[in-house]
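Chemist: Numbering (our numbering), first residue to last: 95 to 431.
Glycine included, each C-beta is placed from N, C-alpha and C at the ideal position.
Can you read through this structure? Questions will come right after.
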Ligand code: SF4
Ligand code: SF4
């Protein structure tokens, strides 16, 4: 791993040159912040706030066409490969989330749509110097400068950025931009380490997940589920904006003699998600649906892949319209053991 410095006076030139590579970076759009395409030659401005919509949406789009078909034809038309893209300013929690989602898409079937798009994407991360109100990444195996899932980790040192390449893809990109970079002195790396230590100390919430995966099956009928789900509106925001949620539905859209098969995000917080054709619903109320959301992240995923499917980004707590707070739920689970 190399450590290089990019002085901020070269930032415009750096992002201008990167913008020729199908560059995406955080941008405010209406009331939301999300990754948007950077026009060629445009400078990117990064700030401390994470995006409302996680960058997962670029590799696992909210709606995508799996194939097109026509009446009387047996051949399916498959979508072409997406252009390669570079995402700049990805937070370590969101990059880690992509690595977790990948476990699912590589599991019993290798999903070519997700995996090919992921392969064609380069992630340049930005370490968090100022964790957000509800962040708790360091409680669930991550951290404000976690490299997992990233190709390059960038840290803001004030006058300059420190760039550390994590993968071969990242190394190649750093090499391509070497004219704008210089080798980082040892004190720059030390400064970054101090910033990480300070950021961890600023994280307000610390939830020790020890014992939660084992406790959840024992608490199946516990009254806590009624309590924590009582205010839930079933809007699905906590799952749609979660960087690790990956449930989808597949539907055919037909118009005249042709159509397309598409896949779109779904949410276990929706009443119809588990509704059978018979009308029976094994998760008939928000109690069961909330219980499933927490079990999926903190128990089922752990059983299957050995890791908690939550990166502690805090979005579900920040954005729930009725302030249902994941940290509070986890504490109640621990208390009820
Ligand atoms: S965001 Fe809040 S109200 Fe909406 S489904 Fe999730 S927990 Fe329920
Ligand atoms: S469950 Fe909440 S805190 Fe955890 S990754 Fe999803 S949105 Fe972030």
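(1) If I'm right that residue 371 touches residue 377 with Cβ under 8 Å, what's the distance once you round it to whole angstroms?
(2) Residues around ligand 1, please: the ones whose beta-carbon is closer than 6 Å to some heavy atom of it, in chain order.
(3) If we call anything under 7 Å between Cβ atoms a contact, is residue 274 one with residue 217?
(4) Considering only residues of the same chain and omitting the five flanking positions on each side of residue 240, which have a CB-CB separation below 8 Å?
(5) Using a 10 Å radius around the Cβ and a threshold of 16 neighbouring Cβ atoms, would you call residue 310 buried or exposed?
(6) Evaluate residue 280 with the Cβ neighbour count: other Cβ atoms within 10 Å of its Cβ, from every protein chain shown; 16 or more gives buried, anything less gives exposed.
(7) Just verifying my parser: in three-state terms, what is the DSSP assignment at residue 166?
(8) Residue 403 and residue 194 - do their beta-carbons sit closer together than 7 Å?
(9) Looking at C-alpha atoms only, which residue of 220, 278 and 201 is the closest neighbour of residue 141?
(10) The alpha helix (DSSP H) that contains residue 156, what's its start and end?
(11) Could you say if the segment 146–159 and the segment 240–256 meet the contact criterion of at least three C-beta pairs nearer than 8 Å?
(12) Return yes when the C-beta of residue 407 is under 6 Å from any heavy atom of ligand 2, and no when it is not.
(13) Quick one: using the 10 Å Cβ neighbour count with 16 as the cut-off for buried, is residue 102 buried or exposed?
(14) If we require 3 or more residues per run, which beta strand (DSSP E) segments fall completely within the segment 209–246?
(15) How far does the beta strand (DSSP E) with residue 176 in it extend, from its first residue to its last?
(16) For residue 338, verify whether its CB is less than 6 Å away from any heavy atom of ligand 4.
(17) Tell me residue 276's beta-bridge partners as DSSP assigns them.
(18) Let me check understanding here. Comparing Cα to Cα, which of 306, 114, 345 and 329 lies closest to residue 388?
(19) Could you check which residue in 158, 210, 298 and 276 has the C-alpha nearest to that of residue 345?
(20) List in chain order: all unbroken alpha helix (DSSP H) runs of 4+ residues lying wholly within the segment 325–392.
(21) Excluding the 5 residues preceding and the 5 following residue 171 in the sequence, name in chain order all residues of the same chain whose CB lies nearer than 7 Å to its CB.
(22) Rounded to the nearest angstrom, what separates residue 277 and residue 210 at their Cα positions?
(23) How is the beta strand (DSSP E) around residue 115 delimited, first residue to last?
(24) Buried or exposed: where does residue 203 fall if 16 or more other Cβ atoms within 10 Å of its Cβ makes it buried?
(25) Measuring CA to CA, which of 174, 133 and 282 is closest to residue 100?
(26) Looking at residue 414 and residue 362, is the spacing between their C-beta atoms short of 7 Å?
(27) Just checking residue 420 against ligand 2 - is the residue's beta carbon closer than 6 Å to any of the ligand's heavy atoms?
Modeler: By the coordinates alone:
(1) For a cut-off of 8 Å, the C-beta gap from residue 371 to residue 377 is around 16 Å, too long to register as a contact.
(2) Working through the chain, the matches are 326, 327, 328, 329, 330, 331, 332, 363, 414, 415, 416 and 418.
(3) No, Cβ-Cβ distance for residue 274 and residue 217 is not below 7 Å.
(4) Result list for residue 240: 186, 187, 189, 190 and 231, in chain order.
(5) Classification for residue 310: buried.
(6) Counting the other Cβ atoms within 10 Å of the Cβ of residue 280 gives fewer than 16, which makes it exposed.
(7) In the structure shown, residue 166 sits in coil (DSSP, three-state: anything other than H, G, I, E or B).
(8) A contact, by the Cβ cut-off of 7 Å.
(9) Of the candidates 220, 278 and 201, the one whose C-alpha sits nearest the C-alpha of residue 141 is 220.
(10) First-last for residue 156: undefined, no H or E at that position.
(11) In this structure the segment 146–159 does not touch the segment 240–256; the number of beta carbon pairs closer than 8 Å is below three.
(12) Yes - ligand 2 has a heavy atom lying nearer than 6 Å to the Cβ of residue 407.
(13) Flag for residue 102 reads exposed.
(14) Complete beta strand (DSSP E) runs here, min 3: 215–220.
(15) Judged by DSSP secondary structure, residue 176 falls outside any beta strand (DSSP E); it is assigned neither H nor E.
(16) For ligand 4, the structure offers nothing, since it holds only ligand 1 and ligand 2.
(17) 99, per the DSSP bridge assignment.
(18) Closest option to residue 388, judged by alpha-carbon separation, among 306, 114, 345 and 329: 306.
(19) Measuring from the Cα of residue 345, the nearest candidate turns out to be 158.
(20) The segment 325–392 is shown to contain whole alpha helix (DSSP H) runs of 4 or more residues at 331–334 and 380–389, in chain order.
(21) Sequence-distant Cβ neighbours of residue 171 in its own chain, meaning closer than 7 Å and more than five residues away, are 161 and 162.
(22) Roughly 33 Å between the two C-alpha positions.
(23) From DSSP, residue 115 is part of no beta strand (DSSP E); its letter is neither H nor E.
(24) Answer is exposed; the Cβ neighbour count stays below 16.
(25) Among 174, 133 and 282, the Cα nearest to that of residue 100 belongs to 282.
(26) One thing to note: residue 362 has its Cβ no nearer than 7 Å to the Cβ of residue 414.
(27) At least one heavy atom of ligand 2 is found less than 6 Å from the C-beta of residue 420.
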